[in-house]
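These protein sequences, in sequence, are chains A, B and C.
Position 15 (the first sequence) corresponds to 15 in the numbering used here; numbering is contiguous.
Numbers given in the numbering used here equal positions in the second sequence, counted from 1, plus 194.
Numbers given in the numbering used here equal positions in the third sequence, counted from 1, plus 529.
By construction, the Cβ of each residue, glycine as well, lies at the ideal position given by its N, Cα and C atoms.
Please read these numbers as outputs of a predicted model, since none were measured by experiment.
Step one of this worksheet: look at the structure below.
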Amino acid sequence: MFQVRIHGRGGQGVVTAAEMLSVAAFDEGRHAQAFPSFGSERTGAPVVAFCRIADREIRLREPIMAPDALIIQDPTLLHQVDCFAGLKKDGYILINTSKTFDELGLGEFLRDWPPERLCTVPATELALKHLGRPVPNMPLLGGFAAVTGVIRLESVIKAIEERFSGKVAAGNVAAAREAYAIVKAEMEEALHHA
Amino acid sequence: MSYQPIKFYQTGTFTVGNRLLPPEQRSVQAQQKRYNSLNSGHRACQGCGEALGARYAIDAAMEATNGRLICANATGCLEVFSTPYPETSWQVPWIHSLFGNTAAVATGIAAALKVKMQKGERRHIRVVAQGGDGGTTDIGFGCLSGMFERNDDVLFICYDNGGYMNTGIQRSSATPPAARTATTPAVGETPGNVFGQGKFVPAIALAHDIPYVATATVADLRDLEAKVRRAMELSGARYLHILVPCPLGWGFASHETIKMARLAKETGLFPVFEAEHGEITAVLPIRHPLPVEEYLKPQKRFAHLFAPRLRTDVLTRLQALADRNIQRYGLLEKP
Amino acid sequence: MLKQIEGSRAVAEAVALCRPEVICAYPISPQTHIVEALGEMVKAGTLAPCEFINVESEFAAMSVAIGASAAGARSYTATASQGLLFMAEAVFNAAGLGLPIVMTVANRAIGAPINIWNDHSDALALRDAGWIQLFAENNQEALDLHIQAFRLGEELSLPVMVCMDGFILTHAFERVDMPTQEQVDAYLPPYEPRQVLDPAEPVSIGAMVGPEAFMEVRYLAHAKQMEALKLIPAYAAEFKAIFGRDSGGLTHTYRCEDAETIVVAMGSVLGTIKDVVDEMRETGHKIGVLGITLFRPFPLEAVRAGLKGAKRVVVLEKSMAVGLGGILSTNVRMALSGLHMHGYTVIAGLGGRAITKQSLTKLFLEAEQDALEHVTFLDLDWAIVNKQLEREKAHRRSGPVAENLLRDIGVVAARNY
Numbered sequence: 001m002f003q004v005r006i007h008g009r010g011g012q013g014v015v016t017a018a019e020m021l022s023v024a025a026f027d028e029g030r031h032a033q034a035f036p037s038f039g040s041e042r043t044g045a046p047v048v049a050f051c052r053i054a055d056r057e058i059r060l061r062e063p064i065m066a067p068d069a070l071i072i073q074d075p076t077l078l079h080q081v082d083c084f085a086g087l088k089k090d091g092y093i094l095i096n097t098s099k100t101f102d103e104l105g106l107g108e109f110l111r112d113w114p115p116e117r118l119c120t121v122p123a124t125e126l127a128l129k130h131l132g133r134p135v136p137n138m139p140l141l142g143g144f145a146a147v148t149g150v151i152r153l154e155s156v157i158k159a160i161e162e163r164f165s166g167k168v169a170a171g172n173v174a175a176a177r178e179a180y181a182i183v184k185a186e187m188e189e190a191l192h193h194a
Numbered sequence: 195m196s197y198q199p200i201k202f203y204q205t206g207t208f209t210v211g212n213r214l215l216p217p218e219q220r221s222v223q224a225q226q227k228r229y230n231s232l233n234s235g236h237r238a239c240q241g242c243g244e245a246l247g248a249r250y251a252i253d254a255a256m257e258a259t260n261g262r263l264i265c266a267n268a269t270g271c272l273e274v275f276s277t278p279y280p281e282t283s284w285q286v287p288w289i290h291s292l293f294g295n296t297a298a299v300a301t302g303i304a305a306a307l308k309v310k311m312q313k314g315e316r317r318h319i320r321v322v323a324q325g326g327d328g329g330t331t332d333i334g335f336g337c338l339s340g341m342f343e344r345n346d347d348v349l350f351i352c353y354d355n356g357g358y359m360n361t362g363i364q365r366s367s368a369t370p371p372a373a374r375t376a377t378t379p380a381v382g383e384t385p386g387n388v389f390g391q392g393k394f395v396p397a398i399a400l401a402h403d404i405p406y407v408a409t410a411t412v413a414d415l416r417d418l419e420a421k422v423r424r425a426m427e428l429s430g431a432r433y434l435h436i437l438v439p440c441p442l443g444w445g446f447a448s449h450e451t452i453k454m455a456r457l458a459k460e461t462g463l464f465p466v467f468e469a470e471h472g473e474i475t476a477v478l479p480i481r482h483p484l485p486v487e488e489y490l491k492p493q494k495r496f497a498h499l500f501a502p503r504l505r506t507d508v509l510t511r512l513q514a515l516a517d518r519n520i521q522r523y524g525l526l527e528k529p
Numbered sequence: 530m531l532k533q534i535e536g537s538r539a540v541a542e543a544v545a546l547c548r549p550e551v552i553c554a555y556p557i558s559p560q561t562h563i564v565e566a567l568g569e570m571v572k573a574g575t576l577a578p579c580e581f582i583n584v585e586s587e588f589a590a591m592s593v594a595i596g597a598s599a600a601g602a603r604s605y606t607a608t609a610s611q612g613l614l615f616m617a618e619a620v621f622n623a624a625g626l627g628l629p630i631v632m633t634v635a636n637r638a639i640g641a642p643i644n645i646w647n648d649h650s651d652a653l654a655l656r657d658a659g660w661i662q663l664f665a666e667n668n669q670e671a672l673d674l675h676i677q678a679f680r681l682g683e684e685l686s687l688p689v690m691v692c693m694d695g696f697i698l699t700h701a702f703e704r705v706d707m708p709t710q711e712q713v714d715a716y717l718p719p720y721e722p723r724q725v726l727d728p729a730e731p732v733s734i735g736a737m738v739g740p741e742a743f744m745e746v747r748y749l750a751h752a753k754q755m756e757a758l759k760l761i762p763a764y765a766a767e768f769k770a771i772f773g774r775d776s777g778g779l780t781h782t783y784r785c786e787d788a789e790t791i792v793v794a795m796g797s798v799l800g801t802i803k804d805v806v807d808e809m810r811e812t813g814h815k816i817g818v819l820g821i822t823l824f825r826p827f828p829l830e831a832v833r834a835g836l837k838g839a840k841r842v843v844v845l846e847k848s849m850a851v852g853l854g855g856i857l858s859t860n861v862r863m864a865l866s867g868l869h870m871h872g873y874t875v876i877a878g879l880g881g882r883a884i885t886k887q888s889l890t891k892l893f894l895e896a897e898q899d900a901l902e903h904v905t906f907l908d909l910d911w912a913i914v915n916k917q918l919e920r921e922k923a924h925r926r927s928g929p930v931a932e933n934l935l936r937d938i939g940v941v942a943a944r945n946y
């Protein structure tokens, strides 16, 4: 079972991201369970959503306390919330930022981490560019497909096209594709340096 | 052929000789084929204004709908005296659910009938909800307002006897100021019910801009019937507020019910009017203006205003309420 | 057809397949997504003919359902928590009148202190209202139970509450197999009421009944619920024949063969418990699970049969009888009359407190050692409890309890879950 925790703020589509991730996994014939952190969220407040992906029925109903992967939709949360709580050793981290891990002040903290599992993607910029709105969730899923390989980019695109239509779908697909390419390049570079 | 002279005492809706009117103007009760929706044999008190009002109102609604009517009833005197198991006086399909939810139950019935008609399973059937003032102006008020606001196809009839008579005459928000009830006893410096701001639900119904709002009394039964008829010509939320004097609760002789209702109207304490879509379209004018004392004095619930000392101060305030009604609704203007 | 959708959406689609005629809605978390989805279907005309009524309170919601059901319409509503309590009088009334309304309860805690998260306090507060109460373990079962609920309720002329854990199920996206309209039509015949408001045959419904017949009316309500105990397994079997899966029924046992310790629970926590039991079985622990699907009528015989032979029973419940202990466990005890075994009540997950595998594993290991208190509060923060008790001893005006505890805990917004 692969467990993902998504941190973000109300209004950034955190819950939608978890749901869409589960749909993408479902489209690949797998079992998936997505759920929010069950709060009465307000716009801008810290929000958490979860997604489990497995090859058999998922019965577990506890929150994800030891995630295999983290998606951080808003880097300002890093100073507010213990986003890394319980993250499995060598787990994947994808952060929506144009900064590096060092610039975010995480270099020391993640020193021993496999570098190809630490990725950043300027998802908000990508969303603005392709969609005209600062909603980073779909490009981040594209990046997630790249960094983890748990789901395919095509599945993310299919999930986007099932949920949205017209310009919104097209913009999100383009943003997700570009994010995927950016993260792939980052990973290759990391492996190259390693 | 024997000849009996007939004297005309009154005209119009007050005509005592119902048989002198052309058939279409006669009371529904004048017909042999009357519906007897609330049949005889029920257990209301002698002189019960509510039983009289309900009988006329529901039979008129039955007449207007050719007998295709369903009634929802709030808890209260009317429900209790008409249906102790295993007897029922109702010859209409009738449901009693709770004290405070009658308007909502009626909404549900109307919704069901609408769907059933769309499916072709039922013909057109109308819905009347009814309750006392407690079930309307107090505990049932939320559901009533909701039904008004949604404009559900329901005629809600309130039989207002100014208190919780079924439980032993306690105060409701429809109890008049200064009236004695079991929870507003005639003791202390300000005996009887308080002078609040009042809660005249017909005016609140008007504020919902619903298709039809009217008041009536059991003193003028054909006016009451005409209003039910008009209400049934319209669809959407409709409200009819009928003053039904209670001999037991008010403390008057059981043969004086209609007189009490008439005095309430003639003093101006109970305005009788009709409104459509939030605008008043007609009032029943006062014929013989009377001071409020004429109405208050015969009732034991107001006895403390007259003895041991005359409470002119309170009577003045009550007269002011009547005067305000006369002014506001134009009760002295000739139609 | 397999779909990956939200639990609320799954239930809404299942309810729509049941061809409801009147739906009344009043918003309360975590139930709202269900009626929102149904409202959209009615507005769009995909669910027709159907009246969707936005009422002004839960009390009105149940009352509208009462009126609609009495007029012969298949009626549905959904609520939770305070909403269920606000409509309580009408909930009893619907059962007393014998009206087969189906209502989803998206289980949520009861305040004060106000809390929007999941536990079973709401549905269990109304356990004796005369409704049939079914508890879903996952979204597939929630969906299936609604279809069975209309069938069962209408056959017996009794209202049915389908309980599903608020947020945990209602807001979870997971795989469900959505039946076809043909399947549902084959399973659920049109509603044929036993009593109906009809000018052609006027009846009085809801007449006053005095001491001479009231007990008999109440007894008949009980007798009908007893009948449900027979009908439910039959309907579940018929359901399997048409839909091809096990759903519903009275109780479900899991790995109870040779089990010395059996955990009893209701709702979505059963999944987590089963995962724990699988792990414990791998290391040789003789532990099993008895899941209760039907809470009212309470399946005494099935529970007794399921637990017979075990050495101990741990009832893990998301509810509490203040001043006594458990609610579910009190009911389970009744099934165990005369059987000799250790019985433990575990109160867990109140107000959305996460029930984790880690805590459950520790709990069950302690239970196996018979080292549990008879009433145990899982993962209770004794530090803040004791601090408050001390505070109350020290100061007369110790202040509002909830506020004190929040202050003692510190900032909660920064937590992950």
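Short of 8 Å in beta carbon distance, which residues of its chain neighbour His482 (chain B), apart from the five on each side in sequence? Order them along the chain. Glu460
Between the CA atoms of Trp444 (chain B) and Gly241 (chain B) - distance to the nearest angstrom: Using only the alpha carbons, I get a separation of about 12 Å.
Output yes or no for whether 8 Å exceeds the beta carbon distance between Ala245 (chain B) and Val299 (chain B). no
Can Val135 (chain A) and Gln12 (chain A) be called in contact, C-beta distance under 8 Å? Taking a C-beta distance under 8 Å as the contact criterion, Val135 (chain A) and Gln12 (chain A) qualify as a contact pair.
Let me confirm a value: Thr606 (chain C) is counted as buried when at least 16 other C-beta atoms fall within 10 Å, else exposed. Which label applies? buried
Does the Cβ of Leu106 (chain A) have 16 or more other Cβ atoms within 10 Å, making it buried, or fewer, making it exposed? buried
Residue-chain proximity (Ala665 (chain C), chain A), Cβ-Cβ < 8 Å: Residue-level contact by beta carbon fails for Ala665 (chain C) and chain A, as no gap is shorter than 8 Å.
Hey, does Trp444 (chain B) have any beta-carbon neighbour from chain C nearer than 8 Å? no
Straight-line gap, Val842 (chain C) to Ala864 (chain C) (C-alpha atoms, nearest Å): 12 Å
Please classify Asn644 (chain C): does DSSP put it in a helix, a strand, or coil? If DSSP states are grouped into helix, strand and coil, Asn644 (chain C) belongs with coil.
For Lys815 (chain C), tell me which candidate among C:Ile821, C:Gly838 and C:Phe827 has the shortest Cα-Cα distance. C:Gly838
Our contact map puts Ser586 (chain C) next to Leu628 (chain C) with C-beta atoms below 8 Å; I'd like the distance itself, whole angstroms only. Not quite, the Cβ-Cβ distance comes to about 19 Å (not below 8 Å), so this is no contact.
Does the distance from the CB of Val48 (chain A) to the CB of Ser37 (chain A) come in under 8 Å? yes
Which complete beta strand (DSSP E) runs does the region 787-827 of chain C hold, if anything under 3 residues is left out? 790-794, 816-821 and 823-825
Roughly how many whole angstroms lie between the Cα atoms of Gly928 (chain C) and Glu921 (chain C)? 9 Å
Mind listing, in chain order, the continuous beta strand (DSSP E) runs of no fewer than 3 residues lying wholly within the region 603-652 of chain C? 604-608 and 631-636
Suppose you measure from the CA of Val564 (chain C) to the CA of Ser558 (chain C); what does that come to, to the nearest Å? 11 Å
Gln324 (chain B) by DSSP, collapsed to three states: which one? strand
For Ile200 (chain B), does the three-state DSSP call read helix, strand or coil? A caution first: Ile200 (chain B) carries a pLDDT of 48, below 50, which makes its placement in the model unreliable, though a value can still be read off. Of the three classes helix, strand and coil, the one that applies to Ile200 (chain B) here is coil, per DSSP.
I want to verify the contact list: residues of chain B whose CB lies under 9 Å from the CB of Asn622 (chain C), in sequence order. Simply Ser291, Leu292 and Asn295.
For the beta strand (DSSP E) that contains Phe144 (chain A), what are its first and last residues? No beta strand (DSSP E) contains Phe144 (chain A), which is instead part of the alpha helix (DSSP H) from Asn137 to Thr148.
I need the boundaries of the alpha helix (DSSP H) containing Met187 (chain A), first residue and last residue. Gly166 to His193
Any chain C beta carbon closer than 8 Å to Lys310 (chain B): Yes, Lys310 (chain B) lies at the interface with chain C (some Cβ there is under 8 Å from its Cβ).
Closer than 6 Å by C-beta to Ala530 (chain B): which residues in its own chain qualify, once you throw out the five before and the five after it? Chain order, please. Absent from the structure is residue 530 (chain B), since the part of chain B shown begins at 195 and ends at 529.
If you measure from the beta carbon of Cys337 (chain B) to each beta carbon in chain C, is any gap under 8 Å? yes
Sorted by chain position, which residues of the same chain lie with C-beta nearer than 6 Å to Pro642 (chain C)'s C-beta, five sequence neighbours on each side aside? Ala931
Spatial neighbours of Gly206 (chain B) within its chain, please: CB distance less than 8 Å, with the 5 preceding and 5 following residues excluded, ordered by chain position. Annotation note: pLDDT 48 at Gly206 (chain B) (below 50); position unreliable, coordinate value reported separately. Excluding residues within five positions, none has a Cβ falling inside 8 Å.
Could you tell me the distance, in whole angstroms, from the CA atom of Leu760 (chain C) to the CA atom of Gly777 (chain C)? 11 Å
Given that a residue counts as buried once 16 or more other Cβ atoms are within 10 Å of its Cβ, and exposed if not, what is Leu909 (chain C)? Residue environment: Leu909 (chain C) is assigned as exposed (fewer than 16 neighbouring CB atoms within 10 Å of its CB, all protein chains considered).
Where Leu613 (chain C) and Ile645 (chain C) are concerned, what is the direct C-alpha to C-alpha distance, given to the nearest angstrom? Whole-angstrom Cα-Cα distance: 13 Å.
Chain C partners of Leu60 (chain A), CB-CB under 8 Å? Gly800, Thr801, Asp804 and Lys886
Of the residues that make up the region 682-713 of chain C, which ones have a beta carbon closer than 9 Å to any beta carbon in chain A? Asp694, Gly695, Phe696, Ile697, Leu698, His700, Ala701, Phe702, Glu703 and Arg704
Three CB pairs or more closer than 8 Å across the region 337-351 of chain B and the region 322-329 of chain B: yes
Taking a contact to mean a Cβ-Cβ separation below 8 Å, would you say Gly362 (chain B) touches Ala376 (chain B) in this structure? yes
Residue range of the beta strand (DSSP E) that Pro46 (chain A) falls in? Pro46 to Ala54
Within-8 Å CB hit, Ala399 (chain B) to chain C: no
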